[in-house]
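J.: The structure is given below, and queries will be raised subsequently.
Right, dumping it as structure tokens:
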């Protein structure tokens with residue numbers, strides 16, 4: 001895959017992750033009556049716009065490419081890859097659902113996923129959007145690693 005195609009793939013996966021997370025948290029805030037979840041709407045949508053703007057700057061070879069590239073890589077790594085993909089998607093949803101439906105003891109479950117911050121899996125759409133973040137994480141992390149390798 002060419003560097004340009006990989007950059008485009010990483011950008012669209014990152015934007016998809018950020019927008020999905022905004023929807024996921026808005027829905028969670030509504031169904032669980034937890035308005036504090038709305039912070040990801042406030043963070044996710046502007047971050048998606050910034051990722052798109054940085055991508056545009058990288059494609060157009062604007063001045064300061066090195067700085068733009070580092071800002072892009074750090075933003076994608078910190079938000080869509082680590083905070084959302086790994087923590088929110090893999091830990092908060094994929095692992096949580098596997099352990100819950102796999103029969104982990106209630107005490108261990110509550111210790112790993114303490115209420116009220118975590119909800120037991122009880123809403124299909126909420127869990128589906130959460131687990132989808134985990135499935136976006138893997139190709140996004142691989143694409144970002146490839147981008148880091150390509151640009152040195």
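Residue numbers (the numbering used here): 1 to 152. Glycine included, every Cβ here is placed at the ideal spot set by N, Cα and C.
Is the Cβ-Cβ distance between residue 136 and residue 13 less than 8 Å?
T.: For residue 136 and residue 13, yes; Cβs fall inside 8 Å.
J.: Decide if the region 48-60 is in contact with the region 82-99; the criterion is three or more beta carbon pairs, one per stretch, under 8 Å apart.
T.: Flag = no, the region 48-60 and the region 82-99 do not touch.
J.: Can you tell me the Cα-Cα spacing of residue 105 and residue 112, whole angstroms?
T.: Computed Cα separation, rounded: 11 Å.
J.: To the nearest angstrom, report how far apart residue 134 and residue 70 are at their CA atoms.
T.: Answer to the nearest angstrom: the Cα atoms are 24 Å apart.
J.: Write down the C-beta distance between residue 125 and residue 32 rounded to the nearest angstrom, noting that I regard them as a contact closer than 8 Å.
T.: With 8 Å as the limit, residue 125 and residue 32 do not qualify as a contact, their Cβ atoms being about 12 Å apart.
J.: Which of the three DSSP states, helix, strand or coil, is assigned to residue 113?
T.: Correct three-state label for residue 113: coil.
J.: In this structure, does DSSP put residue 121 in helix, strand or coil?
T.: Residue 121 falls in the coil class under three-state DSSP.
J.: Under a three-way DSSP split, which group does residue 11 fall into?
T.: If DSSP states are grouped into helix, strand and coil, residue 11 belongs with the helices.
J.: Identify every run of the alpha helix (DSSP H) within the region 26-87, keeping only runs that are complete inside it and at least 4 residues long; order them along the chain.
T.: As far as the region 26-87 is concerned, its whole alpha helix (DSSP H) runs of at least 4 residues are 39-59, 65-76.
J.: Hey, is the region 86-100 in contact with the region 59-76, meaning 3+ C-beta pairs nearer than 8 Å?
T.: With a cut-off of 8 Å, the region 59-76 and the region 86-100 do not count as touching, because too few Cβ pairs lie within range.
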